[in-house]
Structure formats: structure tokens, C-alpha cells
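Using the numbering used here, you'd call the opening residue of the sequence shown number 250 and step up by one each time.
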Amino acid sequence: MAVVEKILRSAPDVGKIFVLINAKSHEAAVDRLKTEIIDLELFQGLKQRHGKYYQDFMLRKLFPVVGSLCESDLGMDANLISEIAEEVDLIINSAANTNFMERFDVSLNTNTLGARRLMDFTNKYCKNLRVFLHVSTAYVSGEREGMIMEKPFQMGESIAKEKATSEFPPLSYHVLNIDSEAEIALDSKVAFEGNLEDHKMKELALERARLHGWHNTYEFSKAMGEMVIYSMRGDIPLVIIHPTAITSTLEDPFPGWIQGNRMAGLMILSYGKANLPSFLLNPVAVIDVIPIDMVVNAIIAAMAKHGIARKTGIKVYHVASSAVNPLLFGDLFNNTSQRLQRRCKVIVEHAMDLARVYQPYMFFKGRFDNSNTYNLMEGMSEEEMKIFRLDVESVDWEDYITNTHIPGLKKHVIKGRGMPKQVQI
Numbered sequence: 250m251a252v253v254e255k256i257l258r259s260a261p262d263v264g265k266i267f268v269l270i271n272a273k274s275h276e277a278a279v280d281r282l283k284t285e286i287i288d289l290e291l292f293q294g295l296k297q298r299h300g301k302y303y304q305d306f307m308l309r310k311l312f313p314v315v316g317s318l319c320e321s322d323l324g325m326d327a328n329l330i331s332e333i334a335e336e337v338d339l340i341i342n343s344a345a346n347t348n349f350m351e352r353f354d355v356s357l358n359t360n361t362l363g364a365r366r367l368m369d370f371t372n373k374y375c376k377n378l379r380v381f382l383h384v385s386t387a388y389v390s391g392e393r394e395g396m397i398m399e400k401p402f403q404m405g406e407s408i409a410k411e412k413a414t415s416e417f418p419p420l421s422y423h424v425l426n427i428d429s430e431a432e433i434a435l436d437s438k439v440a441f442e443g444n445l446e447d448h449k450m451k452e453l454a455l456e457r458a459r460l461h462g463w464h465n466t467y468e469f470s471k472a473m474g475e476m477v478i479y480s481m482r483g484d485i486p487l488v489i490i491h492p493t494a495i496t497s498t499l500e501d502p503f504p505g506w507i508q509g510n511r512m513a514g515l516m517i518l519s520y521g522k523a524n525l526p527s528f529l530l531n532p533v534a535v536i537d538v539i540p541i542d543m544v545v546n547a548i549i550a551a552m553a554k555h556g557i558a559r560k561t562g563i564k565v566y567h568v569a570s571s572a573v574n575p576l577l578f579g580d581l582f583n584n585t586s587q588r589l590q591r592r593c594k595v596i597v598e599h600a601m602d603l604a605r606v607y608q609p610y611m612f613f614k615g616r617f618d619n620s621n622t623y624n625l626m627e628g629m630s631e632e633e634m635k636i637f638r639l640d641v642e643s644v645d646w647e648d649y650i651t652n653t654h655i656p657g658l659k660k661h662v663i664k665g666r667g668m669p670k671q672v673q674i
């Protein structure tokens, strides 16, 4: 929703924004729009600007659409499809299941097959489209090391294949076929029904991901989603945004806002509350974090650049910090301990869960090239560069973590309720 807020604040003359909402009726979708978007603290600047007319303004701009990525034609009403086909000139797909330990069938249905259904819908109906923008994750890089470049996944590519074919002589590897993976998920769901089904489907997800060179089902299913979109895009201009570990806002619309319990925040809170008294990691390894407002700025800048150009092709943007302003794990936890450390009961199970989920990132050996993202600033005026800030190299991580991110986590995530449980990236 941070993208919606920035668009409405910086470009209030924008036309209609269709918001796909999973709901049983239009009335239920409107209710969700009001409670989950319009009433968010994130929009407080717009509330102050429009005063008593705020809700009217929002309801003129935001149009809730009943539908789901898990249904053909997105489950939309036929009449509404016709309206969207005429009016929509830009699609932003940021829907995702971000659970690292999700069931294989559930993760595939949203992150891979959901992307396929959306691109199918786009090809069938959206004939006036200027650009399709897909928000993925930089961690589709899986087990890659070194400088990781901004390039798309083509159908059938896998990290295991890259590693095997780079050896001399080349090693054998398992061929990745998305339809086969979907069949494995469906067949396994039937086979496991009623017999520790959830546990076995989660174990299957990890097994399939690691077989092909990814750490978890989130990375794996998102990578396959990119392959699907790449293969189906036709002449549609395609942009893929690769954020790294998203953290709270640096400054826009106000410092410290974040929604959900994401990777860096969860580790910081666990360590700071003494629920994670020790953790195995490489202190000189880099944790690549990026404030969410910079991700939003990259999305809008890329949207504008490619929407105006309308050139067929694909561009990948790493919204990342590790290549130009790396933050070391050792520095992260030093800043955290100084700000948050207290005497708390050690929760061993919590620490074990975090260690199991995040172990690959504690020793990650890659850095993300962000040349394409940096080049988005070309052609911007000085005023535009201030509004759509992308200069991650200028962020003072110590000041940001200590005085912005941690206070934001305490205010917007834990809210006095104790430790969060869900894991996102």
C-alpha cells in the first residue's frame, strides 16, 4: 500500500486505481479497502491534506475489485473485465505469499501459478497496457555468490543448473519444469491427505527448492513466477523489481513506518529482547537491507520511465544496498544491542526456528548490483530526485537502525504485544 500512498500524494491527479481484493462481495471489498488501506496510519499525510474530504478523495481514486490470483480470469465479473480492459494502462503485481516455510501447493498457487493467471488475463484483455511491473525479490538468486547482476530468469533456468554447468567437466543436475512441479504438488497433496499433510507438504517444498538450488519455497516459487511472466510477456514492456530485505521507511511519508514482521526486523527484535542471546553467523557477512520508501520510489520511477517509453522488452531492477553501502551483520547486532538489550527469558525454540529459517542469509556470499536502479535517476530534476530518493549509498546505517528502524518496529510491529511470529522478507 506504500506505493498507492506515494502515488496519491505525489500525483493526486492520477486517474482510477483498481485494487484487487479477495472478498465475497463488492460491499465486503469496500469494507476491506476502508479498514485495511484508507484507515492506515501510513496515509496520515493525505488525511491532513484533504481533511474532512479525505475518504471521498480516496474512494474516488481507489476502486476495489473483487477477485483472486488463484482463479481463472482472476475471478472477476465479466462486465468489470470489459471496463478494466479499456481503462488500465499499467499493472503492478505485488501479491505474494512470503512465508519461507509455506506448503508447496500453497506457495506455488500464489507466487507461480498466480503470476501465470495474471499474465494470461493481461494478454487476453489489457490491450492498452503500457507496462507490466512485477514485484519479486532479489533472493530469487538462491545460492548464487559474488556480484549478482540484474537479469531475468528464463523458463527452465535454475541455480543448480548454473552451478553444475560451470564445473569442468559439467555435473549432472535435475531439469526444472514448472508444470511438473505443479503436478508434484497436486499429487503429493492427495497422497498426504489426513496424514501429517501440512508438515509433509512443507518438507516437500524445502526438498524441491533445494534440489534446484534455492533455499526455501518462497525463493523457489517467486523465481518460477518470474519465469512464467518472462515467457508469456509477448510484446508487453515488462519491469521486474528485486528488493532485498525490506525495512521501515527512511523518511517518507514519515520515518519508521513498516507493516508486517520482516527478516531484519524479526532478528533485531529477537536479539534486542534477549530471545536470541546467541546466533551463529558470519559477522563480516553483509545483510542487504533497503528502506521501503526507496523500494516505492524505484517502482514509481521505473513505472514512469517504461510507461513513457513503451518499448517492448524486459528490465530488472535490484533495489539493494550491498554493492554501494554494505551493512555488516556484526554492525547490525552491535547497534541493536546498544539500543534494545534487556533481561528477558531465553526462548530456545524461537532461536532455533530463526536459525533454521535464516541460516542461508547469515553466511550469504553475494552482493546485488544496482546499476539499473541507479540509472533511474538519469533525467530526473533535482526536485524529482528529492521526491523519489534512490541514493542508498548516502544512508547512515547506524543512525537509521538506532533512531528510525528500531523505534518504528516497536511502534508499528510489536506494539507492546511481545514477539511477532510470522516470517517475511
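Every residue, glycine too, gets a C-beta built ideally from N, C-alpha and C.
Computed from a predicted model, the values in this text were never measured in an experiment.
Less than 8 angstroms between the CB atoms is what I'm expecting for residue i and residue j, so what's the real figure, rounded?
i, j, result
"Asp354", "Lys449", "Contact flag wrong, Cβ pair sits at about 11 angstroms."
"Ala364", "Val477", "5 angstroms"
"Glu475", "Ile489", "6 angstroms"
"Thr361", "Ser480", "Contact doesn't hold; Cβ gap of about 12 angstroms is too wide."
"Phe503", "Ala572", "Contact doesn't hold; Cβ gap of about 28 angstroms is too wide."
"Asn295", "Glu254", "The sequence shown places Leu at residue 295, rather than the Asn named in the question. Indeed, because the Cβ distance is near 7 angstroms, the residues count as touching under 8 angstroms."
"His567", "Thr622", "6 angstroms"
"Ala550", "Leu625", "4 angstroms"
"Asn372", "Gly505", "With a Cβ gap of about 41 angstroms, Asn372 and Gly505 do not count as contacting."
"Ile539", "Ser570", "6 angstroms"
"Ala494", "Asp447", "Not quite, the Cβ-Cβ distance comes to about 27 angstroms (not below 8 angstroms), so this is no contact."
"Phe613", "Ala534", "6 angstroms"
"Leu323", "Arg379", "Wrong, their Cβ atoms sit about 20 angstroms apart, outside the cutoff."
"Val565", "Lys400", "6 angstroms"
"Glu430", "Leu357", "7 angstroms"
"Ile341", "Lys310", "With a Cβ gap of about 15 angstroms, Ile341 and Lys310 do not count as contacting."
"Ala472", "Val389", "4 angstroms"
With residue i as the anchor, note down where its alpha helix (DSSP H) starts and where it stops.
i, result
"Phe353", "353-356"
"Val538", "From DSSP, Val538 is part of no alpha helix (DSSP H) but of the beta strand (DSSP E) over 538-540."
"Pro419", "Note, Pro419: premise wrong, no alpha helix (DSSP H); not H, not E."
"Leu329", "327-336"
"Leu308", "303-310"
"His275", "275-282"
"Phe402", "It is not in any alpha helix (DSSP H) - Phe402 carries neither H nor E in the DSSP assignment."
"Phe292", "Premise fails: Phe292 is in no alpha helix (DSSP H) and is neither H nor E."
"Asp645", "Run containing Asp645: none; DSSP gives neither H nor E here."
"Lys255", "251-259"
"Ala364", "362-374"
"Thr622", "620-624"
"Ile655", "655-658"
Give the DSSP bridge partners of residue i, in chain order.
i, result
"Val488", "Leu382, Lys564"
"Gly395", "Gly615"
"Tyr639", "Here the sequence assigns Leu to residue 639, which means Tyr is not the residue at that position. In the DSSP output, where bridge partners are listed per residue, Leu639 has none listed."
"Val315", "Ile270"
"Leu577", "Val535"
Counting along the chain, where does the beta strand (DSSP E) carrying residue i start and finish?
i, result
"Leu676", "The question about residue 676 has no answer here: the residues shown for the chain are numbered 250 through 674."
"Leu339", "339-342"
Kindly say whether residue i, judged by its beta-carbon, lies nearer than 9 angstroms to any beta-carbon of chain D.
i, result
"Ile539", "No chain D is present in this structure, which holds just one protein chain."
4 or more residues per run - each alpha helix (DSSP H) lying fully within the segment 428-511
Correct list: 446-460, 466-481.
Does the structure place the segment 323-334 close enough to the segment 441-448 that three or more beta carbon pairs sit under 8 angstroms?
Short answer: they don't touch.
Count the CB pairs spanning the segment 362-377 and the segment 402-414 that are closer than 8 angstroms, and state whether there are at least three.
Verdict: no, contact absent.
Using 8 angstroms as the cut-off, can you tell me whether the segment 421-430 makes contact with the segment 461-477, which would need three or more C-beta pairs spanning the two stretches below that distance?
Yes, they touch.
With a threshold of 8 angstroms, are at least 3 pairs of Cβ atoms found where one atom belongs to the segment 543-554 and the other to the segment 378-396?
Between the segment 543-554 and the segment 378-396, the count of C-beta pairs closer than 8 angstroms reaches three or more; the two stretches touch.
With three or more C-beta pairs closer than 8 angstroms as the rule, is the segment 652-661 touching the segment 572-581?
Using a C-beta cut-off of 8 angstroms, the segment 572-581 makes no contact with the segment 652-661, since fewer than three inter-stretch Cβ pairs fall below that distance.
Could you check whether the segment 346-353 touches the segment 293-309, counting it as contact only if at least three pairs of C-beta atoms, one from each stretch, sit closer than 8 angstroms?
Contact fails: fewer than three Cβ-Cβ distances are below 8 angstroms.
Counting Cβ pairs, one atom from each stretch, are 3 or more of them under 8 angstroms apart for the segment 267-283 and the segment 310-329?
With the cut-off at 8 angstroms, the segment 267-283 and the segment 310-329 touch.
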